[in-house]
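In what follows, a structure is listed as structure tokens, so that the remarks can point back to it.
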Amino acid sequence: MEHDLSPARWRSIEAPAVENKPMLVRAGLRRKAAKDRGTTSRRTLRRVGSYAVLTVGALIVLFPLYLTVVSSLLTQSEYVSRPPAFFPLHPQWSAYSNAFFQGHMWRYFVNSAEQTVLIVVGSTVTSILAAWAFAVYSFPFKRTLWAIVISTLLIPFEVTIVVNVQTVDSLGISNSIWALAIPFMMSAFGIFLLRQAFRGISKELREAATLDGDTSMGFLWRVALPLVRPQLAAYLVISALSAWNQYLWPLILTTDNAAHRTIQIGLKTLNAGTFSSYNIVLAGAVIAALPVLLLMVVFNKQLIRSLNAGAVK
Amino acid sequence: MRHHKLREAAAAYALILPALLLFGVFMLYPFVRNFDLALYRVSPYPGLPVHWAGLAQFTSVITSSAFVHSLISTLLYTLMVVPVGVGLGLLLAVAAHQKLRGIGVYRVIFSTTAVSSVAVSALIFGTFLNPVNGVLPSLGFSPNPPILQSPTYALPAMAIIGIWQFIGLSFILFSAALQSLPEEVLEASLVDGATPVRRFWGVTVPLLSPMIFYVVAIGTISALYTFGQMDLLIGPGASSYTHTETLSYFIYQAVTINPNQGVAACAAIALFVLTALITFAQFRFLEKRVHYGA
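In structure tokens form, the structure reads like this:
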């Protein structure tokens, strides 16, 4: 019976009855109709089309990454053979050990890990504290200070480098890991995200805790932070990713300073190095990308939440 | 009571202080100081004092041919990356917006580009474009001069890297926006028998317009600040340099390669003003057409 209901006929039959029904019922009827149409081949066709578009998109996105991993494992003769080899029959792992040791990617990896940990811990702590103050305290100039914090979102870091280079110089830290971390140990985005989350915690809960003799900081640590874990996780993921992937600032500071060079800049020097061949450079790219790819796969939900948090106004 | 209020305020300031101090030192001070630096001309001979130049330095920087070239390259690059990146991200998100089995896997795949650093992406594409043993030249596309040295092809190659990096974010944002749309509206149009193309332009795009506006805006701003792939793959020695040098590169080279604070500060101000103008223009332009009803 259902399958011969063309949309036009369905409308002519049902429309008068639907006319007087409240919105919700009408929506329900439409949903039922849409579900009934699920058996038709048009829906299957649509689904196949979706898979086709998605798969083509996924292949385009993944192909460069696939080719990178494969090429890093090819022998020299396989790499230059035409047509190019698209699968490593005799995987050569030597490119990885060359990149790691002769190419010093190991040291750069450790430097980047240090920088990332410092930035993530530092900016998370300063953001939690400031967000908590903005969420629950009342104090003079609160609106002004909030406006100042939010206005920094409009200043891109590129615009500040001219002066920041001098600042880390005059602070005497330009030759240390701190120069790579301290300028990023705060985040307007982190404060914004966590303030929203803290404001979602009910006032009653806080007042009850105060009556129980819990201090504000004790409440923050024991109750509030566990409650905002999703937002906190989202911030941690995005903050770690952006710290690890930084390019311009580490380039300025560590191009001539191998001791503190980060992995992204290490990749540049590996590429410019005369001894490196394509497979060592590509192995280096895999080494530099692996931590963020792993983080992204494990915490995909948190990553997507944090990317979308910026879009919510 | 008053005492209590005082204590609350003191506690709040103490909590905000670390973040505020860092914002002050590394964001607000440099931003304001740029305007001061821009007014003084650095002597070409090291050791000699700087002297007051007023606005003259600013006008001479922004009318210099190096700056104009970098402005043109940046704008052309942005015009290539943003429409394609937004369009592809939207297309993929619409395709993914149904109850499909394995959709989580696709989401993870598209996220990969959003998390790949500019250094990794640039090196991957750069290796494939290598005129001697790259994959692309071996498939028959090997112009002379090679792609990365070519005034014609170098900037589009940079844009392809930028598009590849941008698709992931664009996809993720549109997917989330689609999920938040009222289901009834989309289903009603389905039942009304509209063709997929008409449904896309007639229903999905108007409903998504706030998100399209947002993705265009963040895409434009990040494209205006592009730097990494030009630094890694091209650099000042290349014959394609003047056709690919971006505004960020102009600032970078005035900070490190030919250090001149005054010039760097002028360019930084110009870049900031450009960003602010484009953000404002986009907002005004799209405000009228955006459907805020959803």
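Here the protein sequences come in this chain order: A and B. Residue numbering for the first sequence follows our numbering, beginning at 1 and increasing consecutively. Residue numbering for the second sequence follows our numbering, beginning at 1001 and increasing consecutively. Glycine included, C-beta positions come from ideal geometry on N, C-alpha and C. From a predicted model like this one, the values you see are computed outputs, not experimental measurements.
- The segment 1261-1276 of chain B and the segment 1022-1038 of chain B touch, with three or more beta-carbon pairs separated by less than 8 Å.
- Scanning its chain for C-beta atoms nearer than 6 Å, with the 5 sequence neighbours on each side dropped, one finds around G1126 (chain B) the residues L1233, in chain order.
- The CB of Y108 (chain A) never comes closer than 7 Å to any CB in chain B; the least such distance is about 11 Å.
- Beta-bridge annotation (DSSP): H1004 (chain B) is not paired with any residue.
- Between A240 (chain A) and L153 (chain A), the C-beta spacing is not below 8 Å.
- For Q302 (chain A), the enclosing alpha helix (DSSP H) begins and ends at 300-309.
- Within chain B, the C-beta atoms nearer than 8 Å to that of W132 (chain A) come from L1015, in chain order.
- With 16 or more other Cβ atoms inside 10 Å of its own Cβ, Y235 (chain A) counts as buried.
- Within its own chain, the residues whose Cβ lies closer than 7 Å to the Cβ of S1150 (chain B), once the five positions on either side in sequence are excluded, are P1143, S1240, listed in chain order.
- At least 8 Å separates the CB of M1158 (chain B) from every CB of chain A.
- At a Cβ-Cβ threshold of 8 Å, T1074 (chain B) and L1277 (chain B) do not count as neighbours.
- As a beta-bridge residue in DSSP terms, Y1040 (chain B) pairs with B:W1052.
- If you ignore the 5 residues before and after I1269 (chain B), its C-beta comes within less than 8 Å of the C-beta of N1034, F1035, A1038, F1058, all in its own chain and listed in chain order.
- C-alpha of V1042 (chain B) to C-alpha of P226 (chain A): approximately 54 Å in a straight line.
- The way I'd put it, the segment 1119-1138 of chain B does touch the segment 1158-1165 of chain B; three or more beta-carbon pairs between them come closer than 8 Å.
- Interface annotation for the segment 1024-1043 of chain B against chain A: V1025, F1026, M1027, L1028, Y1029, P1030, F1031, R1033, N1034, L1037, criterion Cβ-Cβ distance under 8 Å.
- With 16 or more other CB atoms across the displayed protein chains lying within 10 angstroms of its CB, E158 (chain A) is buried.
- Proximity of the segment 205-212 of chain A to the segment 111-129 of chain A falls short of the contact definition, fewer than three beta-carbon pairs being nearer than 8 Å.
- When rounded, the separation of the alpha-carbon atoms in L89 (chain A) and T262 (chain A) is 33 Å.
- Bounds of any alpha helix (DSSP H) do not take in Q102 (chain A), whose DSSP letter is neither H nor E.
- Under the Cβ distance rule, T1244 (chain B) does not count among the residues neighbouring chain A, no pair being separated by less than 8 Å.
- With a minimum length of 4 residues, the unbroken runs of alpha helix (DSSP H) contained wholly in the segment 1129-1177 of chain B fall at 1135-1138.
- Distance between G49 (chain A) and L1100 (chain B), taken at the CA atoms: about 11 Å.
- Contacts with chain B at 8 Å (Cβ-Cβ) do not include L45 (chain A).
- Taking a beta-carbon distance threshold of 8 Å, F198 (chain A) does not count as an interface residue toward chain B.
- By alpha-carbon distance to I1072 (chain B), the top candidate from B:P1236, B:A1223, B:S1170, B:T1279 is B:A1223.
- For a Cβ distance threshold of 8 Å, nothing in chain B lies close to Q115 (chain A): the least Cβ distance comes to about 13 Å.
- It is roughly 7 Å from the alpha-carbon of V1094 (chain B) to the alpha-carbon of S1175 (chain B).
- Listed along the chain, the chain B residues whose CB falls inside 7 Å of the CB of V80 (chain A) are N1133.
- When 7 Å is used as the limit between beta carbons, P1018 (chain B) is near these residues of chain A: T126, L129, in chain order.
- Taking a cut-off of 8 Å for Cβ pairs, the segment 1210-1224 of chain B and the segment 1132-1140 of chain B do not touch, as fewer than three such pairs fall below it.
- One thing to note: V1255 (chain B) has its Cβ no nearer than 8 Å to the Cβ of I173 (chain A).
- Shortest Cα-Cα distance from F192 (chain A) to any of A:G273, A:G218, A:A133 involves A:A133.
- Residue contact with chain A for A1223 (chain B): absent (no Cβ-Cβ distance below 8 Å to any residue of chain A).
- In this structure the segment 47-67 of chain A touches the segment 1103-1113 of chain B; the number of beta carbon pairs closer than 8 Å is three or more.
- For A1096 (chain B), the enclosing alpha helix (DSSP H) stretches over residues 1065-1096.
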